[in-house]
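Structure record follows, encoded as structure tokens.
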Amino acid sequence: MNDSASHASYLLPVLVFCGAAVVAVPIFRRIGLGAVLGYLCAGVFIGPDGLALIGEPETVAGVAEIGVVLLLFIVGLELNLSRLFAMRRDIFGLGLTQLLMTGGVAMLALTAAGIPMRGSVVTGLALALSATAIALQTLEERGDLHAAYGERSFAILLFQDLSIVPILALVPLLATTTALSAGGGSLVTTLFEIARALIAVAAVVLIGRYLLNPFFRLLASSGAREVMTAAALLVVLGAAFIMEKVGLSMAMGAFLAGVLLAESNFRHQLEADIEPFRGVLLGLFFMSVGMSIDIDVVIAHVGLLALAVPALVIAKTMIGAVAGRIFGSSWRDSLRMGALLGPAGEFSFVIFPLAGSRGLLDGDQVQIVTAMAALTMLIGPIFAKIVDRTLERTRPPEKTGDTDLEALADANGKVIVIGFGRFGQVVNQILLAQRIDVTVIDHDVDRIREASRFGFRVYYGDGTRLDVLRASGAAQATVICVCVDSPETATTIVEILRAEFPGAAVYARAIDRAHAITLMQQEVDYQLRETFESALTLGRAALEELGYRREDAIAVQDDVRRRDVARLMLQKSDGFLGGADLLHHGLAAVVTPEPLTEPPTSSQGLSAETRDILAEGEAVR
Numbered sequence: 005m006n007d008s009a010s011h012a013s014y015l016l017p018v019l020v021f022c023g024a025a026v027v028a029v030p031i032f033r034r035i036g037l038g039a040v041l042g043y044l045c046a047g048v049f050i051g052p053d054g055l056a057l058i059g060e061p062e063t064v065a066g067v068a069e070i071g072v073v074l075l076l077f078i079v080g081l082e083l084n085l086s087r088l089f090a091m092r093r094d095i096f097g098l099g100l101t102q103l104l105m106t107g108g109v110a111m112l113a114l115t116a117a118g119i120p121m122r123g124s125v126v127t128g129l130a131l132a133l134s135a136t137a138i139a140l141q142t143l144e145e146r147g148d149l150h151a152a153y154g155e156r157s158f159a160i161l162l163f164q165d166l167s168i169v170p171i172l173a174l175v176p177l178l179a180t181t182t183a184l185s186a187g188g189g190s191l192v193t194t195l196f197e198i199a200r201a202l203i204a205v206a207a208v209v210l211i212g213r214y215l216l217n218p219f220f221r222l223l224a225s226s227g228a229r230e231v232m233t234a235a236a237l238l239v240v241l242g243a244a245f246i247m248e249k250v251g252l253s254m255a256m257g258a259f260l261a262g263v264l265l266a267e268s269n270f271r272h273q274l275e276a277d278i279e280p281f282r283g284v285l286l287g288l289f290f291m292s293v294g295m296s297i298d299i300d301v302v303i304a305h306v307g308l309l310a311l312a313v314p315a316l317v318i319a320k321t322m323i324g325a326v327a328g329r330i331f332g333s334s335w336r337d338s339l340r341m342g343a344l345l346g347p348a349g350e351f352s353f354v355i356f357p358l359a360g361s362r363g364l365l366d367g368d369q370v371q372i373v374t375a376m377a378a379l380t381m382l383i384g385p386i387f388a389k390i391v392d393r394t395l396e397r398t399r400p401p402e403k404t405g406d407t408d409l410e411a412l413a414d415a416n417g418k419v420i421v422i423g424f425g426r427f428g429q430v431v432n433q434i435l436l437a438q439r440i441d442v443t444v445i446d447h448d449v450d451r452i453r454e455a456s457r458f459g460f461r462v463y464y465g466d467g468t469r470l471d472v473l474r475a476s477g478a479a480q481a482t483v484i485c486v487c488v489d490s491p492e493t494a495t496t497i498v499e500i501l502r503a504e505f506p507g508a509a510v511y512a513r514a515i516d517r518a519h520a521i522t523l524m525q526q527e528v529d530y531q532l533r534e535t536f537e538s539a540l541t542l543g544r545a546a547l548e549e550l551g552y553r554r555e556d557a558i559a560v561q562d563d564v565r566r567r568d569v570a571r572l573m574l575q576k577s578d579g580f581l582g583g584a585d586l587l588h589h590g591l592a593a594v595v596t597p598e599p600l601t602e603p604p605t606s607s608q609g610l611s612a613e614t615r616d617i618l619a620e621g622e623a624v625r
């Protein structure tokens, strides 16, 4: 009985969290305020100052922090060195300028408000960060992810993601400096702690560089997908644990693990395996932040927050716009970009409590800046919509005939090839000959090794999984070639591609005639039976060997192809019995080989056994 009560005590908070998320998040998404704010408000609603359904929010804070750890791991996984290099000016120039300008202004304001200098430095940098989830969701809704201001906004967000780890590392450093200045520590102790941290970082780097890829190859060869998921969690949490033990943040360890696996063939599979855990735990993290907001503190400082929150959003917008202008953006694009950066970043909810635990901020200050950050997530998206609509109303008439040559130069076509078997390898030979940008996806370890010799981006993953396709760039692909061996798998992939990525042309390998008809009914852009063209070529070669002129043999080949295509089109619309009028024999209810021209004579069995087989076939008909 006691065991049942104990289980029930754990089950109730789980039900409360799930119920709050299911109710709040769709509502906030519906009204355009985003999932993050939905989680935050749900946390306030169920927390101690709301309905008090969860009495002790700190009990879930430890588990919820794993969501942040997994988010940093995925940020690390997405750091492709070639992409970073191409965007280096916007990332490291514009991004650094925005962060330092915004952080500097915030630091001066906080110092003037009475917060000590070291606390102001950390808090100012944290408030300079922006909500990646809100900004990217807004850009996606507008369809502006690839617009000039959208790409520059993404570059700033990427630099902010890169800066999170140094900011987190800065907190204990400033706290140590504070302790030393107060006589609370020695230089030798500090140097020892720094050396221990550097050794731990070096150990994680060496393990990731030389052991992780062989480790995942070994597990992948076993064919047990659930083991790969467990291994991914082991790597992330193991690196986080090591960093925590030497006094650094768990997020730094996860970030390092992600960067070290960014060029791995298993990157997309790992991202797909981690994503469900990240989403759930990150939502739990935001709800725990909402639960931790002290409503009494907010009410006590309502006047301060009523002034500070709008001032922060407007200041971040204007500073972001100035930074954009410095780097050559128009005022319109700069203002749009700045408005997107108004809401405080998700990681401010990590930095503020950390600064409080290290003595850089007192309890009330942590509560005030946390509430300020949360409220910017409420008014920030609304302010961004107002800015966008105002700019739309004042947009000058567009000039006709102008072409964005820079955008066209960057619009490189992308091809994804799913399946690197015998068929996919030949397809890739053609693409390689023209230096086409190709991404190869396969779940066979040996094939991944073979594909790596082509110089393509090769990833270990299951092409039937939507998350793997998304992570592999299917949304940006121009052509997706489905070259897998199994007709059932190919059909599943095509169904997903048609539903989720309608902008990509789908070219599919058909295993046989029935599969070709299925693919045509799914409206693929191009399908090819793997044996059809090769069989036509062989038949034409046989005619030439028999003395037919090459032109006549080609004409026969083309005629057979034309008849077959006509029959396929009828079968697509009418089912397998379609096109029966083109034939000179009855067609069964299943796809069977039928002559496209009338045979001159009846078939003859050349042995008794053969004649028996033919007789049985006639009886079945």
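To convert, count from 1 in the sequence shown and add 4; that's this note's numbering. Every residue, glycine too, gets a C-beta built ideally from N, C-alpha and C.
Which residues DSSP lists as bridging residue 446, in chain order: The residue labelled residue 446 in the question sits at position 442 within the sequence shown. Residue 446 pairs with 464.
Reduced DSSP category for residue 43 - H, G, I as helix; E, B as strand; rest coil: By 1-based counting over the sequence shown, the position of residue 43 is 39. Note: residue 43 maps to helix in three-state DSSP.
Cβ neighbour criterion (16 or more within 10 Å) applied to residue 245: Taking the first residue of the sequence shown as 1, we reach residue 245 at position 241. Answer is exposed; the Cβ neighbour count stays below 16.
Enclosing beta strand (DSSP E) for residue 638 [first to last residue]: Here the chain has residues from 5 to 625 only, and residue 638 is not among them.
First and last residue of the uninterrupted beta strand (DSSP E) at residue 646: No answer is possible for residue 646: it lies beyond the span of the chain, which begins at 5 and ends at 625.
Secondary structure of residue 378, DSSP reduced to three states: As a first step, residue 378 must be located in the sequence shown, where it is residue number 374. Three-state result, residue 378: helix.
Boundaries (first-last residue) of the alpha helix (DSSP H) holding residue 271: Reading the sequence shown from its first residue, position 267 is the one you call residue 271. From DSSP, the alpha helix (DSSP H) with residue 271 extends over 271-296.
Bridge partners - residue 134, DSSP secondary structure assignment: As a first step, residue 134 is located in the sequence shown; it is residue number 130 there, counting from the start. Beta-bridge pairing links residue 134 to 348.
Proximity test, residue 329 beta-carbon vs the ligand SAM heavy atom, cut-off 7 Å: The ligand SAM is absent from the structure shown, which contains no ligand whatsoever.
Sufficient close CB pairs (3 or more, under 8 Å) joining the region 225-241 to the region 277-291: yes
Burial state of residue 303 (16 or more Cβ within 10 Å): Here the question's residue 303 lines up with position 299 in the sequence shown. Per the 10 Å Cβ criterion, exposed.
Alpha-carbon to alpha-carbon, residue 157 and residue 466: Reading the sequence shown from its first residue, position 462 is the one you call residue 466. Reading the sequence shown from its first residue, position 153 is the one you call residue 157. Approximately 32 Å, taken between the alpha carbons.
Contact set for residue 468: own chain, Cβ-Cβ below 8 Å, skip 5 residues either direction: Here the question's residue 468 lines up with position 464 in the sequence shown. Result list for residue 468: 493, 496, 497 and 500, in chain order.
Length of the line joining the Cα atoms of residue 383 and residue 47: Locating residue 383 in the sequence shown gives position 379, counting from the first residue. Locating residue 47 in the sequence shown gives position 43, counting from the first residue. Roughly 18 Å between the two C-alpha positions.
DSSP-derived helix/strand/coil call for residue 469: Within the sequence shown, residue 469 is the residue found at index 465, counting from 1. If DSSP states are grouped into helix, strand and coil, residue 469 belongs with coil.
Given 8 Å, three or more beta-carbon pairs between the region 449-457 and the region 513-533: no
DSSP three-state assignment for residue 416, whether helix, strand or coil: As a position in the sequence shown, residue 416 is number 412, starting the count at 1. Only weak support is given to the placement of residue 416: the predicted model assigns it a pLDDT of 41, under 50, and the value that follows is read from those uncertain coordinates. If DSSP states are grouped into helix, strand and coil, residue 416 belongs with coil.
C-beta atoms of residue 78 and residue 162 nearer than 8 Å: Start at 1 with the first residue of the sequence shown, and residue 78 comes out as number 74. Start at 1 with the first residue of the sequence shown, and residue 162 comes out as number 158. No, these two residues do not count as a Cβ contact at 8 Å.
Check whether residue 476 and residue 443 have beta carbons under 8 Å apart: By 1-based counting over the sequence shown, the position of residue 476 is 472. By 1-based counting over the sequence shown, the position of residue 443 is 439. Against a cut-off of 8 Å, the Cβ pair of residue 443 and residue 476 comes out as a contact.
Residue of 51, 128, 135 and 559 minimising C-alpha distance to residue 300: For the purposes of this step, residue 300 is taken as residue 296 along the sequence shown, with counting starting at 1. The candidate whose alpha carbon is nearest that of residue 300 is 51.
Residues bridged to residue 659 [DSSP beta-bridge criterion]: Residue 659 lies beyond the stretch modelled for the chain, which goes from 5 to 625, so this question has no answer here.
Beta-ladder partner(s) of residue 119, from DSSP: Sequence index remark: in the sequence shown, residue 119 carries index 115 (1-based). Note: residue 119 sits in no beta bridge, so no partner.
Backbone secondary structure at residue 390 - three-state DSSP: Locating residue 390 in the sequence shown gives position 386, counting from the first residue. In the structure shown, residue 390 sits in a helix (DSSP, three-state: H, G or I).
Short Cβ contact (8 Å threshold) for residue 44 with residue 290: Start at 1 with the first residue of the sequence shown, and residue 44 comes out as number 40. Start at 1 with the first residue of the sequence shown, and residue 290 comes out as number 286. Cβ atoms of residue 44 and residue 290: closer than 8 Å.
Of the listed residues 381, 359 and 312, nearest to residue 343 (C-alpha basis): Along the sequence shown, one-based indexing puts residue 343 at 339. For residue 343, the nearest C-alpha among the options comes from 381.
Simplified DSSP assignment, three categories, for residue 422: Here residue 422 is taken as the residue at index 418 of the sequence shown, counted from 1. Strand, per DSSP.
Cβ pair residue 212, residue 264 closer than 8 Å: Here the question's residue 212 lines up with position 208 in the sequence shown. Here the question's residue 264 lines up with position 260 in the sequence shown. Against a cut-off of 8 Å, the Cβ pair of residue 264 and residue 212 comes out as a contact.
Simplified DSSP state of residue 331, which is helix, strand or coil: Residue mapping note: residue 331 aligns to position 327 of the sequence shown, counting from 1. Three-state result, residue 331: coil.
DSSP-derived helix/strand/coil call for residue 519: To locate residue 519, count along the sequence shown from 1; it is residue 515. Helix, per DSSP.
Where residue 303 sits in the DSSP three-state scheme: Counting from one through the sequence shown, the residue named residue 303 turns up at place 299. It is helical.
Among 525, 80 and 374, nearest to residue 271 - alpha-carbon criterion: Taking the first residue of the sequence shown as 1, we reach residue 271 at position 267. Closest by alpha carbon: 80.
Element boundaries [alpha helix (DSSP H), containing residue 2]: Nothing about residue 2 can be reported from this structure: the residues present for the chain run from 5 to 625 only.
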